[in-house]
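Scroll down for the structure; my scribbles are underneath it.
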Amino acid sequence: MAPGPVEQTEKEQTETVPPKKLPKGVVLGPDGKPCRTCTDVASWFAMTKGASKSKPTAPPVLPSDCPPDVETLGRSSWTLLHSITAQYPENPSPTLQSETRTFMNIFGKLYPCWFCAKDFQEWMKKDGNAPRVSSREEFGRWMCEAHNAVNVKLGKKPFDCDKWEERWRTGWKDGRCD
Ligand SMILES: Cc1cc2nc3c(=O)[nH]c(=O)nc-3n(C[C@H](O)[C@H](O)[C@H](O)COP(=O)(O)OP(=O)(O)OC[C@H]3O[C@@H](n4cnc5c(N)ncnc54)[C@H](O)[C@@H]3O)c2cc1C
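Under my numbering, the residues of the sequence shown are numbered 777 to 954, in order.
Rendered as structure tokens:
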């Protein structure tokens, strides 16, 4: 879900000249310029190529060697995060648990879509939502819940967290991943 434009500092306002009219869905970054990793590819193409006058036939697809849009970035990031939980030890040392909490907090700060990062950090600060990392099972479920919070925000169906390990570690019981 894309927010409205962010407020700019006086200096930034004098230094940047945003396009006259931005298509719906294009999100500005803190520098006042359109933020690619905060914007979906359809809105990005509407801005860079102009809205097509003919009826759209298929949704636009970003070539695989272009900087990611908000969705490609999200899919890749979730793949990394869930894969980390899948390889996490069943009995992690106190040091690793502490490092993992730190990693999630820094990840939340550095995530390259600013409004996603802001919401994710706020979600982690709510009661009961701080990273739970005392075992693989606990961390895997926590990550599933974190992902579901974003799914719900975006109006998507939540994922069944009983299945997180089949999706990200063992492969499905029907054998289609083997
Ligand atoms: C921290 C973070 C915050 C984000 N915030 C925003 C935001 O504010 N606005 C925005 O537009 N996008 C946001 N995104 C991106 C968004 O979550 C999706 O990645 C993106 O919309 C692409 O969605 P998708 O439907 O392809 O599948 P994704 O949501 O990327 O999921 C990839 C795959 O993971 C599996 N999966 C789905 N849910 C779960 C779950 N709960 N647990 C385990 N596996 C699951 C499914 O097999 C799915 O196909 C965020 C991403 C991250 C990493």
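Cβ atoms here follow ideal geometry from the backbone N, Cα and C, with glycine treated the same way.
Only a predicted model underlies this, so the values are computations on that prediction, with no experimental measurement involved.
- Taking 7 Å as the cut-off, the C-beta of Lys825 does not count as close to any heavy atom of ligand 1.
- Under the 8 Å Cβ criterion, the stretch 883-898 counts as touching the stretch 800-820, having at least three qualifying pairs.
- When Asn927, Ala922, Ser840, Arg908 are compared, the shortest CA-CA separation from Pro870 is found for Arg908.
- With 16 or more other Cβ atoms inside 10 Å of its own Cβ, Leu804 counts as buried.
- The three-state secondary structure of Leu872, taken from DSSP, is helix.
- Residue environment analysis places Ser859 among the exposed positions, since fewer than 16 neighbouring C-beta atoms fall within 10 angstroms of its C-beta.
- Checking the DSSP bridge columns, you'll see Leu804 partnered with Pro810.
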